[in-house]
Amino acid sequence: MADEQGATARETYDPHAGIDKWLRLWREERLFEAEELTPASPKDEKRTLVVSMFPYPSGDLHMGHAEVYSISDTMARFARMRGQQVLNPIAWDSFGLPAENAARKRNLDPRDWTYGNIDIQAESFERLGISFDWRTRFHTSDPEYYRWNQWLFLKLFERGLAYRKEAPVNWCPTDETVLANEQVIQGKCERCGTDVVKRNLTQWFFRTTAYAQRLLDDMDQLQGKWPDEILSMQRNWIGRSTGAHIDFKIEDREEPVRVFSTRPDTLYGATFFVVAADSALADELCDAEHRALFNDYRTALASKAEMERLAIDRPMTGVFLGRHAVNPVSGERLPVYASDYVLADYGTGAVMAVPAHDQRDLNFARAFNLPVRAVVETGESDPAETGIATAGDGVLMNSGPLNGLRKDEAIATVIADLEQQGVGQGAVTYRLRDWLLSRQRYWGTPIPIIYCDSCGAVPVPDDQLPVKLPESGYTLRPDGGKSPLETATEWVNVDCPSCGAQARRDTDTMDTFVDSSWYFLRYPNPNYEDGPFDPAGVAAWLPVDEYVGGKEHATGHLMYARFLTKVLHDLDLVPFTEPFTRLTNQGQVIMNGKAMSKSLGNLVNLQEQIAQHGPDAVRVTMLFASPPEDDIDWADVSPAGSVKWLARVWRLAGDVGNATPASDDNTGDLELRKTIHKLINDATQAMESKRFNVGIACLMKLTNTLRQAVDGQLGADDAAVQEGTAALVRMLSCVAPFTAEECWVRLGETPSVLKAGWPEVDPALLVEEQVTCVVQVAGKFRDRIDVSPDISEQDLQQLALQSEKVQAALGGASIAKVIVRAPKLVNFVPARG
1 MADEQGATAR
11 ETYDPHAGID
21 KWLRLWREER
31 LFEAEELTPA
41 SPKDEKRTLV
51 VSMFPYPSGD
61 LHMGHAEVYS
71 ISDTMARFAR
81 MRGQQVLNPI
91 AWDSFGLPAE
101 NAARKRNLDP
111 RDWTYGNIDI
121 QAESFERLGI
131 SFDWRTRFHT
141 SDPEYYRWNQ
151 WLFLKLFERG
161 LAYRKEAPVN
171 WCPTDETVLA
181 NEQVIQGKCE
191 RCGTDVVKRN
201 LTQWFFRTTA
211 YAQRLLDDMD
221 QLQGKWPDEI
231 LSMQRNWIGR
241 STGAHIDFKI
251 EDREEPVRVF
261 STRPDTLYGA
271 TFFVVAADSA
281 LADELCDAEH
291 RALFNDYRTA
301 LASKAEMERL
311 AIDRPMTGVF
321 LGRHAVNPVS
331 GERLPVYASD
341 YVLADYGTGA
351 VMAVPAHDQR
361 DLNFARAFNL
371 PVRAVVETGE
381 SDPAETGIAT
391 AGDGVLMNSG
401 PLNGLRKDEA
411 IATVIADLEQ
421 QGVGQGAVTY
431 RLRDWLLSRQ
441 RYWGTPIPII
451 YCDSCGAVPV
461 PDDQLPVKLP
471 ESGYTLRPDG
481 GKSPLETATE
491 WVNVDCPSCG
501 AQARRDTDTM
511 DTFVDSSWYF
521 LRYPNPNYED
531 GPFDPAGVAA
541 WLPVDEYVGG
551 KEHATGHLMY
561 ARFLTKVLHD
571 LDLVPFTEPF
581 TRLTNQGQVI
591 MNGKAMSKSL
601 GNLVNLQEQI
611 AQHGPDAVRV
621 TMLFASPPED
631 DIDWADVSPA
641 GSVKWLARVW
651 RLAGDVGNAT
661 PASDDNTGDL
671 ELRKTIHKLI
681 NDATQAMESK
691 RFNVGIACLM
701 KLTNTLRQAV
711 DGQLGADDAA
721 VQEGTAALVR
731 MLSCVAPFTA
741 EECWVRLGET
751 PSVLKAGWPE
761 VDPALLVEEQ
771 VTCVVQVAGK
781 FRDRIDVSPD
791 ISEQDLQQLA
801 LQSEKVQAAL
811 GGASIAKVIV
821 RAPKLVNFVP
831 ARG
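Residue numbering for the sequence shown follows UniProt numbering, beginning at 1 and increasing consecutively.
What follows is the structure, given as structure tokens:
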């Protein structure tokens, strides 16, 4: 037997040994390739598609990559070991702002920067042992891919789901581009941290609001399969509200202004009217007397972030516009103000202000000395005196015919009255806004629209797709606030596809969320040329069975992918309405309690960790540190400890491999086999529930059990030891693939261990013939007895009562209560004497 404490130099575990050999064998044997990428048969339970949110090529892989791909690769390997046909694909989300900014900084073409980084990441993925089917590889910046971005855009355009309008948008002065609401974090650009300002620009949108209710309803398919937190975040983001649309007549204006309210029962409490200061409506309503003050206010508003505008605990600002609105139920004249606390692109951009029952309205009323009239008796103090709005339910008062009614009855009554008068109606609205996808940058998918003075906005014909990015004749740093594509005059100027006259291309590119909203559909056949994806491949593999990625994408990428999948379903292009069957969120890899950052000096370099400890130890450390959804603090984990465990498995495999093989009719020590099969069963259950840390703990326990057996009386030639060691190595291949391959060969087996499959559990060895029951008196331990695991509560109670130790503890006292938890606990509670 080898010495566990000190092996010879020849027998020292090397975490880097054999990596090139095993990479070569895996490639030659094509072990990670699904048998068929586009089988003729439809998807069944034997096929599993495991997808991680695809990487952005900003540089080499980092610690976050190591975590998420260790998780998804373990899922893929586990499914493959259990006989599944697995597709574990890879592509790159290769368009986007960071690459363009990096290219500008280095005076490079974004292509050179992007594709160079992709090659680096691809090699790093291989050396980390990630079991991708490399036939799936593509890049969203390839014209062969983004052609279909443009094709899908035009399909949405045909259905009225892609449209162009002028709107106030989030503008990042540093990145010089528009940002979607999801890309603004606490008023700052998520990419560079610059304060975001508002601008009015003509932009392209996808009409996500048309699918708001379906996005809500279809969450029923995801319940129990997606994290509850993500579903809750999406419900809140969609923000369904029921109430009424109410039309307010504006003096000296023919068209009324419509508002939405969830509390139309409080209509008699409206004492003023507010419109968004940055809206076209405010500009229209402002009279000449107040114009200068309004213009100054509006200019100052551009630097305010949306989160700041929506805050309650801040000074309220606004401007009277010199107009009045008329309350449709009371006829009361309400002064019209423009303010920053109403948003132009939320609802109708106007609100009826009921200050007694809405805190922001109340703060504004107090700031401008406006009336506060309570119309719901909630039992709370008068808001006009306390400065605290009463938003609860109660009985209506100061409300004419509604007096004495409770909320629900009052709402129904006032809606009926509004509808009868033709000045309102019951309605459902959503907080969700349409998807803003125009970007004023170069490195993205060109929008396939041509503008003709005669024909207007003309779609680029299908046979002229893709509209490729110009490779020369453009400027990445244009002057005068232009987008880079505006400078490519030869590319911009084109004949109109409809009339042949001189026309111009759209010079914006698409948000990269468009790329990522459907990329997973192309994996089964990335070279398909007759459509965005191969229908046979989609039918065979989709929807995604296991999707892995960060929860920061809850209201961005995940929402967009769900939206576009529903559109594709309505176009009869896919047979399902949800793209991802199950979702796993991974936590962050942090250092000393904080997110890794150059400025904090706490970055951990992945390649340095791999060079020091080997790829398997890094993977094991990631997986063993916590459940996937929890953060991992690298300061608290031990990759060196992982190396020591892997070395113990490696030495164990060498000892067992050098022992005399057991005869075919020898099954080995029975008790050891029972322990082995229980640990296999526990590890299997942990892997099925994605508790990889628990599964690895089972493997570590099995390692200790087998080591003790080898060093004890049984020895390495015991059949149970040999069975258990082979099972250990097979399971190890899911989390430490290189070491598992080395160990498999050391056991005398033929590579690859991946072909051996996951070990089977013998159910007969899991049956406990007897279990130990603890017997207590008044909660204190008195005896233990061995009983059958299926003993009844009554029989267990009688058996426990026969114990001499129990009788002595009772001392003749009568029993007031008996607690029985068969087969493991009986507690006698004596009566107080």
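Using N, Cα and C, we set each Cβ at its ideal position, and we do this for glycine too.
Beta bridge counterpart(s) of residue i as assigned by DSSP
{"i": "Pro830", "result": "Ile815"}
{"i": "Trp518", "result": "BP columns for Trp518 are empty, so no partner."}
{"i": "Asn823", "result": "The residue asked about is misnamed: residue 823 is Pro in this sequence, not Asn. DSSP output for Pro823 lists no bridge partner at all."}
{"i": "residue 838", "result": "Absent from the structure is residue 838, since the part of the chain shown begins at 1 and ends at 833."}
{"i": "Arg253", "result": "The partner list for Arg253 (beta bridge, DSSP) is empty, contrary to what the question assumes."}
{"i": "Trp151", "result": "Beta-bridge pairing links Trp151 to no other residue."}
{"i": "Gln425", "result": "His245"}
{"i": "Pro535", "result": "In the DSSP output, where bridge partners are listed per residue, Pro535 has none listed."}
{"i": "Thr48", "result": "Val86"}
{"i": "Phe260", "result": "His245"}
{"i": "Cys452", "result": "Gly456"}
{"i": "Val567", "result": "Answer is none; Val567 lacks a bridge partner."}
{"i": "Ile185", "result": "Lys188"}
{"i": "Leu334", "result": "Ala325"}
{"i": "Val274", "result": "Tyr337 and Val351"}
{"i": "Asn170", "result": "Leu179 and Lys198"}
{"i": "Gln502", "result": "Asp495"}
{"i": "Glu11", "result": "Glu11 is not bridged to any residue."}
Residue from the options whose Cα sits closest to the Cα of residue i
{"i": "Ile90", "options": "Trp113, Ala79 and Pro57", "result": "Pro57"}
{"i": "Ile399", "options": "Ser642, Asp265, Lys824 and Asp142", "result": "In the sequence under discussion, the amino acid at residue 399 is Ser, which differs from the Ile named in the question. Checking every option, the nearest Cα to that of Ser399 belongs to Asp265."}
{"i": "Gly748", "options": "Leu402, Asp655 and Val787", "result": "Asp655"}
{"i": "Ser124", "options": "Ala611, Ile676 and Glu768", "result": "Ala611"}
{"i": "Asp682", "options": "Glu671, Leu801, Asp669 and Met700", "result": "Met700"}
{"i": "Trp650", "options": "Asn605, Lys678 and Glu742", "result": "Glu742"}
{"i": "Asn666", "options": "Ile447, Val721 and Phe624", "result": "Val721"}
{"i": "Val538", "options": "Glu546, His553, Asp530 and Phe520", "result": "Phe520"}
{"i": "Met219", "options": "Arg562, Lys780 and Glu768", "result": "Arg562"}
{"i": "residue 834", "options": "Glu45, Ser70, Lys155 and Pro315", "result": "The requested residue 834 does not occur in the structure, where the chain is confined to residues 1 to 833."}
{"i": "Glu377", "options": "Arg366, Ala365, Leu402 and Arg360", "result": "Leu402"}
{"i": "Val275", "options": "Ile118, Ile250 and Thr262", "result": "Ile250"}
{"i": "Ala427", "options": "Gln797, Leu542, Ala389 and Thr242", "result": "Thr242"}
{"i": "Lys407", "options": "Thr262, Tyr341, Leu87 and Asp495", "result": "Thr262"}
{"i": "Ser141", "options": "Trp113, Arg135, Leu603 and Met596", "result": "Trp113"}
{"i": "Gly133", "options": "Tyr523, Leu623, Glu144 and Leu799", "result": "Note that residue 133 is Asp in the sequence shown, not Gly. Residue Tyr523 is the option with its Cα nearest to Asp133."}
{"i": "Pro39", "options": "Ser689, Gly757 and Asn525", "result": "Asn525"}
{"i": "Met731", "options": "Tyr69, Thr74, Ala210 and Ala66", "result": "Thr74"}
Whole-number beta carbon distance between residue j and residue i, since they are thought to touch under 8 Å
{"i": "Ala617", "j": "Val729", "result": "So it is not a contact: roughly 16 Å between Cβ atoms."}
{"i": "Leu334", "j": "Phe273", "result": "5 Å"}
{"i": "Leu285", "j": "Val319", "result": "Wrong, their Cβ atoms sit about 11 Å apart, outside the cutoff."}
{"i": "Val423", "j": "Pro328", "result": "4 Å"}
{"i": "Arg47", "j": "Ala540", "result": "7 Å"}
{"i": "Pro737", "j": "Gly83", "result": "18 Å between Cβ atoms; not a contact."}
{"i": "Asn693", "j": "Pro627", "result": "6 Å"}
{"i": "Leu436", "j": "Gln203", "result": "6 Å"}
{"i": "Cys773", "j": "Val787", "result": "5 Å"}
{"i": "Ser472", "j": "Gln440", "result": "With a Cβ gap of about 20 Å, Ser472 and Gln440 do not count as contacting."}
Any non-hydrogen atom of the ligand MG within 8 Å of residue i CB
{"i": "Trp744", "result": "Within the structure as shown, the ligand MG is missing, as the structure has no ligands at all."}
Within the chosen definition, does the region 709 to 720 reach the region 657 to 673 through at least 3 CB pairs nearer than 8 Å? yes
Could you tell me whether the region 212 to 232 touches the region 549 to 566, where touching means 3 or more Cβ pairs closer than 8 Å? yes
Cβ contact (3+ pairs, closer than 8 Å) linking the region 44 to 59 and the region 606 to 616: no
Quick one: complete alpha helix (DSSP H) runs, 4+ long, within the region 630 to 681? 639 to 658
Would you say the region 634 to 642 touches the region 618 to 626, given that touching needs at least three Cβ pairs under 8 Å? yes
Curious, which full-length beta strand (DSSP E) runs of at least 3 residues does the region 731 to 784 contain? 771 to 777
Residue ranges of each alpha helix (DSSP H) run of no fewer than 4 residues wholly in the region 85 to 119, ordered along the chain? 97 to 106
Tell me whether the region 583 to 591 and the region 216 to 228 touch, counting them as touching only if at least three CB pairs, one residue from each stretch, are closer than 8 Å. yes
For the structure I just gave you, are there three or more beta carbon pairs, one from the region 538 to 554 and one from the region 500 to 509, closer than 8 Å? no
How do the region 453 to 464 and the region 408 to 416 stand: do at least 3 beta-carbon pairs fall below 8 Å, yes or no? no
Does the region 471 to 485 touch the region 143 to 151, meaning 3 or more C-beta pairs lie closer than 8 Å? no
So does the region 826 to 833 actually touch the region 768 to 787, counting three or more Cβ pairs closer than 8 Å? yes
Report the start-end ranges of each alpha helix (DSSP H) in the region 339 to 424 that is 4 residues or longer and not cut off at the edges. 359 to 367, 383 to 386 and 407 to 421
Taking contact to mean at least 3 C-beta pairs separated by less than 8 Å, is the region 193 to 210 in contact with the region 162 to 182? yes
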